[in-house]
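*Asks:* Before I ask anything, let me first share the structure, which is written out below as structure tokens.
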Amino acid sequence: MTMCVKCVTVSGMEVQTKTACYVRVSTLLGQSVENQLVPIRDYCRRRGFDLTAEREYSDEGQSGAKVRRPALDRLLKDARAGRFKVVVVARLDRLGRNVTHLLTVLNELHVLGIAFVSLGEGFDASTPQGQLTMTILAAVAQMEREL
Numbered sequence: 192m193t194m195c196v197k198c199v200t201v202s203g204m205e206v207q208t209k210t211a212c213y214v215r216v217s218t219l220l221g222q223s224v225e226n227q228l229v230p231i232r233d234y235c236r237r238r239g240f241d242l243t244a245e246r247e248y249s250d251e252g253q254s255g256a257k258v259r260r261p262a263l264d265r266l267l268k269d270a271r272a273g274r275f276k277v278v279v280v281a282r283l284d285r286l287g288r289n290v291t292h293l294l295t296v297l298n299e300l301h302v303l304g305i306a307f308v309s310l311g312e313g314f315d316a317s318t319p320q321g322q323l324t325m326t327i328l329a330a331v332a333q334m335e336r337e338l
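Going by my numbering, the first residue of the sequence shown is number 192, and it counts up by one from there.
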């Protein structure tokens, strides 16, 4: 995936791009929050992204089918306030398992000019091909939840 968000120039100085991440675990089974954070932190470090603890949004015990989740709600509020330029998730289904809600969140990030990175699927949501891939994967995530 190609992204041009590694750094921005402010008054002739390069500044690392402020980055946020979102992690979610709905049950004790499956991937832990820490198991998601380790590769996200590593990815951000390698890319030179500025990811800090206050921009790590974590919902534990929250279903991806729920539209309202405490950490996701905070992430969206902070996105609207312009507190970061990139959101990274371990996998798309960590962000949500409801197609309509997932696409609404991703569209809002896009409108706000915030890049979206899903490490597991490795797609660029800013291209038509990435949008198609994202929509298909969102539908699969919803189907898995319903099964």
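The beta-carbon is built from N, C-alpha and C at its ideal position, and this holds for glycine as well.
For Y248, write down the residues that DSSP places opposite it in a beta bridge.
*Replies:* Y213
*Asks:* With respect to the alpha helix (DSSP H) encompassing A330, which residues constitute its N-terminal and C-terminal limits?
*Replies:* 319-337
*Asks:* Which first and last residues belong to the beta strand (DSSP E) in which V279 is found?
*Replies:* DSSP places V279 in the uninterrupted beta strand (DSSP E) bounded by 277-280.
*Asks:* How big is the Cα-Cα spacing for Y234 and E337?
*Replies:* Going by the C-alpha atoms only, they are around 31 angstroms apart.
*Asks:* Does the contact criterion of 3 or more C-beta pairs under 8 angstroms hold for the segment 290-302 versus the segment 228-244?
*Replies:* no
*Asks:* Identify, in the order they occur along the chain, each residue of the same chain with its Cβ nearer than 8 angstroms to the Cβ of L310, setting aside the five sequence neighbours on each side.
*Replies:* Correct list, in chain order: P230, I231, Y234, V279, V280, A281, R282.
*Asks:* Taking a contact to mean a Cβ-Cβ separation below 7 angstroms, would you say R259 touches Q253 in this structure?
*Replies:* no
*Asks:* Select from E312, F240, T243 the residue whose C-alpha is nearest the C-alpha of L286.
*Replies:* Residue E312 holds the alpha-carbon nearest to the alpha-carbon of L286 among E312, F240, T243.
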